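Chemist: Please see the structure below; I have some questions.
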Amino acid sequence: MAEYQFRATEKKWQAFWEKNQTFNAKDDFQKPKYYALDMFPYPSGAGLHVGHPLGYIASDIVARFKKQQGFNVLHPMGFDSFGLPAEQYAIQTGQHPAITTEQNIKRYIEQLKNIGFAYDWKREVRTSEPSFYKWTQWIFMQLFNSWYDFTDNKARPISVLIEHFEKAGNQLIKAACDEDTESFKANDWLHFSDEEKQKILLKYRIAYLSEAIVNWCPALGTVLSNDEVKDGYSERGGHPVERKKMMQWSMRISAFAERLLEGLNRLDWPEPVKEMQRNWIGKSVGAELSFEVADYQNQEIKVFTTRVDTIYGVTFMVLAPEHELVAQITTAEQKEAVEEYVKVAKNRSERERMTEVKRVSGVFTGAYAIHPFTGEKIQVWIGDYVLAGYGTGAVMAVPSDDERDLAFAQHFNLPVREVVENDKIVNSDFLTGLPIKEAIAKAVSYIEEKGIGKGKVNYRMRDAIFSRQRYWGEPVPVYFKNDIPYLLEEDQLPLELPEVDKYLPTEDGEPPLARAKNWKTEEGYELEKSTMPGWAGSSWYMFRYMDPHNSGAFVDQNKQEYWKNVDLYIGGSEHATGHLLYSRFWTKFLFDLGYITVDEPFQKMINQGMIQGRSNFVYRVEGKNTYVSKNLKDDYTTQMLHVDVNIVFNDELDIEKFRRWRPENADAEFILEDGKYICGTEIEKMSKSKHNVVNPDDVIEQYGADTLRLYEMFLGPLEQFKPWNTNGIDGTSKFLKKLWRLFHNEKGEFEVAEGEVDKKALKALHLAIQKVEYDIEHFSFNTSVSTFMICVNTLTDLKCNNKAILSDLVRIIAPYAPHICEELWELLGNKGSISEAGWPAFNPEFIKENDFTYPVSVNGKHRDNMTFAVNSPKEEIEKAVLANPVIQKWIEGKPIKKMIIVPNKIVNIVV
RNA sequence: GCCGGGAUGGUGAAAUUGGUAGACACGCAAGACUUAAAAUCUUGUGAACAUUUGUUCGUGCGGGUUCAAGUCCCGCUCCUGGCACCA
């Protein structure tokens, strides 16, 4: 064999792995386990581009490394296969989304296998398969059948709550529930009808149905959760989103807010993602207190504040336009103005409201509130800078210490009273003179004593809307009797998606499932018509891989106890406030009910940076079919046009391919520089329309999968954003050829030497072993590739073809470039996969040096190098250094102030 | 506005506790092999000046700490990600 035949070899080993099921995880509970997972991909129609595998390659390297180290490795892949694009395509073409999805997955798997990933394909899961979503529905049922107990801080079965109600009503219980839950006694409960009981329980369930203001996206015909809306537009598709009041399923994730926040401290995650989750949860510690409304007996305005210490600075109050008291307290004179304002504010889209942040608007209600400390009468206004959804939807305005209140006060000429000076409270009766922190504590205990308020923690995070008025999602296992939701029986799962004639809403605006024939239970009760959101399946899939074919449980308890949770999770940081929060929430829930033994799903996470596209441009002379090379373009009037990056090499256009690219290019003319056509470049997102998409299959065809893997790693640190540029790929390709040549003689025949090993070769090898172990554990894959190059270069220079050295060498390169290493391992006379050949032990003895070459500096400037034995005494070094003529020249008789000798580091002389 | 991340040759980058800045590659240049090209190999390649040793400058900008700073501290500029009327 003259040269390495990468295509044939790669195919050979991919077939070998598949045939021998080399990378199947075993349920061998004796072995230490390692679970490496990539974020669940959505199989899009465009297939994988060269940016997608970046993280997959990294996790694959870790998985293979851990396997060689003797771990039982779980490294699966599957598909988050419910989702909007397949459904949008179905709407346009009438094709069932299951068919498109199936095709896309097929293509994804082909592409993934082509790269040679060590996935356990036996464990592949798809969220749109009934055998999978049966368990998504089952978990939904558990969520419906549970409530959140703030006393024990955990989710508990609803039966426990019912017992409470029977014994003591709901007055003493600390449970997460709807705002409008009325209190009742045990006796009341006993006399409620079953339906009344169900209505009450619904206010406590973790999966609950309620009327909520939702993000409605008319273009998609569905509601969206907060994390799916960006700046007033839908994240997918960029359609406008409006606020609408609708009956919706929600998840009481807000009950878990404190634990979701606290749990972050125990996770080994990138700090920015943790910070994003902290901001999203938005904890603020403060107090809630009530202001009486003047001339109304029982009306109070509740406010939340983080600065009770500024209470004496309250000069007016502001309610959100949607606040329920607005209609009741507005005086006759102000009625018209208030109604007009509320109407405008309500019709204003979220989008408009955001863009007009700086504009102050509001109107006086005519009503007054009583200041609880001073008894003063203060005006009550409404203004849309107060958000209905946060806190109590009302604020006590302290214009002296709050920018927004101040802007409002100045605009409407309301009074301002200074209460804080130099971080001390002033003009505030019993609080005067106190530092802010103490004043807050004192004010809180005062309001608690007086019974007008209490200390309170508030969270920004809202409950998550769980219904989607779409077809391609999990049906909700619920039916309705007199508008009250009831669960199906467990043995009725999975509730499969019905066939429909069209994937559109009905004429009456009902979701697509309303089109299904007989979408009812056997008894004739109507089934729920909305489906679950995209994040349902991905909130628990990491546990399914542990036991993917179990038909009796979502995961076997023993298996889960062994695999615990994900040791390494690699994916993009764009899921920070969506998937990564929801999956933590479901994990905590399942933990509370005792179904799993961990309360966090992903112990360590790494975010890979996005690979951007590097677009190429050609410059067409205006009005002609003539293209001018980049550096000559300023002499002409030109149009800059995207050109397919696949026909450009090192920014030089392949003119023949360009002529064939599009028919109109066939007779194009070119103005060249130095005989070449040079293209312009720009960094943009990889997309079809920019002609900058690079398909990994094409790269593999040309260079091989091992080269692609090495090159993606060599590009730079994993977390960094970087443009894809094939310019450097030759380097990694050449490296593999060099590696191959180490094992072959000049005639191209395989030839390795037995016997004695060269000390220098041994040192080169062990330096590499040490470095690669360090790098993999620190996720620094780019430096490993350099290390391999250095090692192979050294061994080439040494003409080393020692069998023992080369055997170790291929074992450390194998996680990165598995195909070529398998082949070499086999040529070395071994049977079976190199992935089962263990990891070479690093021996520090082999890298020990007898000498150290000191850089010698004078006044911090490097002047010469001098070699000494590693254990030379300082005196000896000092003497030799001072005797060095180069150093003497720099000292030139100046007095030596100080001589710094750091053993085996540096020598510095200060003169 | 608030909170992160970053800035090093022509390019991608490296420098693990402060200790020879630019490892390893790409590109470029020169040479070898070849009728020629490709492939491969060798040598050089931060900048400026001297060009035989050599000297000075140099990690976004301005200060500081230190024998010694890409690395630590203070102040700025630019790029980038996230959040944003959250009381």
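Reading the first sequence from the start, the letters are residues 1 to 911 in UniProt numbering. Note that beta-carbon positions come from the ideal geometry of N, C-alpha and C, so glycine has one too. None of the values given here were measured: they were computed from a predicted structure.
1) Use the C-beta contact count for residue 799: other C-beta atoms within 10 angstroms, 16 or more gives buried, fewer gives exposed.
2) What residue range does the beta strand (DSSP E) around residue 662 cover?
3) Considering residue 711, what are the terminal residues of the alpha helix (DSSP H) in which it resides?
4) Quick one: grab the DSSP three-state call for residue 366.
5) Of all the beta strand (DSSP E) runs that stay within the bounds of the stretch 233-268, which reach a length of 3 or more residues?
6) What alpha helix (DSSP H) runs, 4 residues minimum, are completely inside the stretch 301-358?
7) I want to know whether the stretch 307-317 touches the stretch 393-400 - three or more CB-CB distances under 8 Å.
8) Out of curiosity, what's the CA-to-CA distance linking residue 218 and residue 24?
9) Return the CA-CA distance between residue 649 and residue 727, expressed in angstroms with no decimal places.
10) If you draw a straight line from the alpha carbon of residue 551 to that of residue 131, how long is it in whole angstroms?
11) Please state if the CB of residue 546 and the CB of residue 557 are separated by a distance shorter than 7 Å.
12) If we call anything under 7 Å between Cβ atoms a contact, is residue 745 one with residue 754?
13) Going by the CB atoms, is the gap between residue 643 and residue 914 shorter than 7 Å?
14) I think residue 50 touches residue 694, with their Cβ atoms under 8 Å apart; what is that distance to the nearest whole Å?
15) Thinking residue 569 and residue 604 are a contact (beta carbons under 8 Å), I'd like their distance in whole angstroms, please.
16) Determine the DSSP secondary structure at residue 405, reduced to helix, strand or coil.
17) Among 538, 431 and 505, which residue has its Cα nearest to the Cα of residue 601?
18) Residue 687: which of 674, 411 and 610 sits nearest, CA to CA?
19) Nearest CA to the CA of residue 28: which residue from 562, 842 and 701?
20) How big is the Cα-Cα spacing for residue 893 and residue 887?
21) So, using beta-carbon positions, are residue 810 and residue 827 closer together than 7 Å?
22) Report all residues from its chain with a CB closer than 7 Å to the CB of residue 536; omit the five preceding and five following residues, and keep chain order.
23) Beta carbon of residue 529, beta carbon of residue 514: below 7 Å?
24) Note down the Cα distance separating residue 898 from residue 858, rounded to an integer number of angstroms.
25) Report the residue ranges of all beta strand (DSSP E) runs contained in full by the UniProt domain "Aminoacyl-tRNA synthetase class Ia" (12-145); include only those spanning at least 3 residues, in chain order.
26) Taking the continuous beta strand (DSSP E) assigned at residue 211, which residues delimit it?
27) Assign residue 802 to one of three DSSP states: helix, strand, or coil.
28) Grab the span of the beta strand (DSSP E) containing residue 684 for me, first residue to last.
29) Give the DSSP bridge partners of residue 865, in chain order.
30) Taking the CB atoms as reference points, tell me whether residue 769 and residue 840 lie closer together than 7 Å.
31) Just reading off the beta strand (DSSP E) that residue 762 is part of, what are its end residues?
32) Run through the stretch 595-642 for me and flag every whole alpha helix (DSSP H) of 4 or more residues, listed as ranges in chain order.
33) In angstroms with no decimal places, state the Cα-to-Cα distance between residue 60 and residue 14.
34) According to DSSP, is residue 568 part of a helix, a strand, or is it coil?
35) Just mark residue 1 as buried or exposed, buried being the case when its beta carbon has 16 or more other beta carbons within 10 Å.
36) Report all residues from its chain with a CB closer than 8 Å to the CB of residue 233; omit the five preceding and five following residues, and keep chain order.
Modeler: A quick look at the data gives this:
1) Residue numbering aside, residue 799 sits at position 799 when the first sequence is read from its first letter. Classified as exposed, residue 799 has fewer than 16 neighbouring CB atoms from the shown chains inside 10 Å of its CB.
2) Your numbering for residue 662 matches position 662 in the first sequence. In the DSSP assignment, residue 662 falls outside any beta strand (DSSP E) and carries neither an H nor an E.
3) For the purposes of this step, residue 711 is taken as the residue at position 711 of the first sequence. Segment 705-714, the alpha helix (DSSP H) holding residue 711.
4) Residue 366 sits at position 366 when you count from the first residue of the first sequence. In the structure shown, residue 366 sits in a strand (DSSP, three-state: E or B).
5) Listed in chain order, they are 242-251.
6) Whole alpha helix (DSSP H) segments, 4+ residues: 326-329, 332-347 and 350-355.
7) With a cut-off of 8 Å, the stretch 393-400 and the stretch 307-317 count as touching, because enough Cβ pairs lie within range.
8) To locate residue 218, count along the first sequence from 1; it is residue 218. To locate residue 24, count along the first sequence from 1; it is residue 24. Their Cα atoms are separated by approximately 46 Å.
9) Residue mapping note: residue 649 aligns to position 649 of the first sequence, counting from 1. Residue mapping note: residue 727 aligns to position 727 of the first sequence, counting from 1. Rounded to whole angstroms, the separation of the alpha carbons of residue 727 and residue 649 is 8 Å.
10) Start at 1 with the first residue of the first sequence, and residue 551 comes out as number 551. Start at 1 with the first residue of the first sequence, and residue 131 comes out as number 131. Take the alpha-carbon of residue 551 and the one of residue 131: they are about 8 Å apart.
11) Position 557 of the first sequence holds residue 557. Position 546 of the first sequence holds residue 546. Judged by their CB atoms, residue 557 and residue 546 are not nearer to each other than the 7 Å cut-off.
12) As a position in the first sequence, residue 745 is number 745, starting the count at 1. As a position in the first sequence, residue 754 is number 754, starting the count at 1. Going by C-beta atoms, residue 745 is not nearer than 7 Å to residue 754.
13) Nothing about residue 914 can be reported from this structure: the residues present for the chain run from 1 to 911 only.
14) Residue 50 sits at position 50 when you count from the first residue of the first sequence. Residue 694 sits at position 694 when you count from the first residue of the first sequence. Going by Cβ atoms, the distance from residue 50 to residue 694 rounds to 4 Å, so yes, they are a contact pair.
15) What you label residue 569 is simply residue 569 of the first sequence in a count that begins at 1. What you label residue 604 is simply residue 604 of the first sequence in a count that begins at 1. Cβ-Cβ separation between residue 569 and residue 604: approximately 7 Å, consistent with a contact (criterion under 8 Å).
16) Residue 405 sits at position 405 when you count from the first residue of the first sequence. Secondary structure of residue 405 (DSSP, three-state): helix.
17) Indexing the first sequence from 1 puts residue 601 at position 601. Among 538, 431 and 505, the Cα nearest to that of residue 601 is on 538.
18) Start at 1 with the first residue of the first sequence, and residue 687 comes out as number 687. The residue among 674, 411 and 610 with its C-alpha nearest the C-alpha of residue 687 is 610.
19) Position 28 of the first sequence holds residue 28. Put simply, of 562, 842 and 701 the residue whose alpha carbon is nearest the alpha carbon of residue 28 is 562.
20) Looking up residue 893 in the first sequence gives position 893. Looking up residue 887 in the first sequence gives position 887. Here the C-alpha atom of residue 893 lies approximately 11 Å from the C-alpha atom of residue 887.
21) Counting from 1 along the first sequence, the entry for residue 810 is found at position 810. Counting from 1 along the first sequence, the entry for residue 827 is found at position 827. No, the pair does not count as a contact, with Cβ atoms beyond the cut-off.
22) Indexing the first sequence from 1 puts residue 536 at position 536. The answer, listed in chain order, is 136 and 474.
23) Counted from its first residue, the first sequence places residue 529 at position 529. Counted from its first residue, the first sequence places residue 514 at position 514. Cβ distance < 7 Å, so residue 529 and residue 514 count as in contact.
24) Position 898 of the first sequence, counting from 1, holds the residue named residue 898. Position 858 of the first sequence, counting from 1, holds the residue named residue 858. Distance from the CA atom of residue 898 to the CA atom of residue 858, rounded to whole angstroms, is 10 Å.
25) DSSP assignment within the UniProt domain "Aminoacyl-tRNA synthetase class Ia" (12-145) yields the following whole beta strand (DSSP E) runs of 3 residues or more, N-terminal first: 33-38 and 72-74.
26) To locate residue 211, count along the first sequence from 1; it is residue 211. Residues 207-217.
27) Numbered from 1 along the first sequence, position 802 holds the residue referred to as residue 802. Residue 802 carries a strand assignment under DSSP once its states are collapsed to helix, strand and coil.
28) Taking the first residue of the first sequence as position 1, residue 684 is located at position 684. Start and end: 680-684.
29) Position 865 of the first sequence holds residue 865. The partner list for residue 865 (beta bridge, DSSP) reads 855.
30) Position 769 of the first sequence, counting from 1, holds the residue named residue 769. Position 840 of the first sequence, counting from 1, holds the residue named residue 840. It is a contact, given that the beta carbons lie within the stated cut-off.
31) The sequence position of residue 762 within the first sequence is 762, counting from 1. That residue, residue 762, is in no beta strand (DSSP E); its alpha helix (DSSP H) goes 759-777.
32) Correct list: empty.
33) Here residue 60 refers to the residue found at position 60 of the first sequence. Here residue 14 refers to the residue found at position 14 of the first sequence. Whole-angstrom Cα-Cα distance: 14 Å.
34) The residue labelled residue 568 in the question sits at position 568 within the first sequence. The three-state secondary structure of residue 568, taken from DSSP, is strand.
35) Taking the first sequence and counting its residues from 1, the one referred to as residue 1 is at position 1. Legend: pLDDT at residue 1 = 42, less than 50; position of this residue unreliable, no value from coordinates given.
36) For the purposes of this step, residue 233 is taken as residue 233 along the first sequence, with counting starting at 1. Counting only Cβ-Cβ distances below 8 Å, and skipping sequence neighbours, we find 239, 240, 241 and 351.
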